[in-house]
Amino acid sequence: MKILIPVIILALSIYKVLTSFLLDEKYGVLFDMKINIWLYRGIWIIAGVSFAYNLFKIYKDKKQFGI
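Okay, here's the thing in structure tokens:
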């Protein structure tokens with residue numbers, strides 16, 4: 011469970027950013043509000059990077075302790 015949620019959020023953020031580029035969206039919808047597409051992409055990129063870093067820390071800790 012400690013690894014599952016960050017993996018899901020990371021996959022979702024990659025999906026959201028890629029589809030926003032591929033579909034050439036003009037605005038993003040977040041919490042039922044239309045926002046600037048670059049702000050929308052930025053929010054998802056920040057979420058993806060933070061959860062990727064979280065996964066890296068979990069992996070590093072497990073490797074360090076030999077788990």
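Counting in our numbering, the sequence shown runs from 11 upward without gaps. All residues carry an ideal CB built from backbone N, CA and C; glycine is no exception.
Query raised in the report: By Cβ distance, which residues of its chain are closer than 8 angstroms to residue 13, with the 5 residues on each side in sequence left out?
Result: Within the sequence shown, the letter at position 3 stands for residue 13. Answer for residue 13: 65 and 68, listed in chain order.
Requested in this report: Return the bridge partner residues of residue 39 from the DSSP annotation.
Outcome: Sequence index remark: in the sequence shown, residue 39 carries index 29 (1-based). Answer is 44, bridged to residue 39.
Requested in this report: Taking 8 angstroms as the cut-off, decide whether the C-beta atoms of residue 37 and residue 44 are in contact.
Outcome: On the sequence shown, residue 37 is found 27 positions in, with the first residue counted as 1. On the sequence shown, residue 44 is found 34 positions in, with the first residue counted as 1. Yes, they are a contact pair.
Query raised in the report: Where does the unbroken alpha helix (DSSP H) through residue 26 begin, and where does it stop?
Result: Numbered from 1 along the sequence shown, position 16 holds the residue referred to as residue 26. For residue 26, the enclosing alpha helix (DSSP H) starts and ends at 14 to 32.
Query - Cα-Cα separation, residue 42 to residue 59 - result: Working through the sequence shown from its first residue, we reach residue 42 at position 32. Working through the sequence shown from its first residue, we reach residue 59 at position 49. About 24 angstroms.
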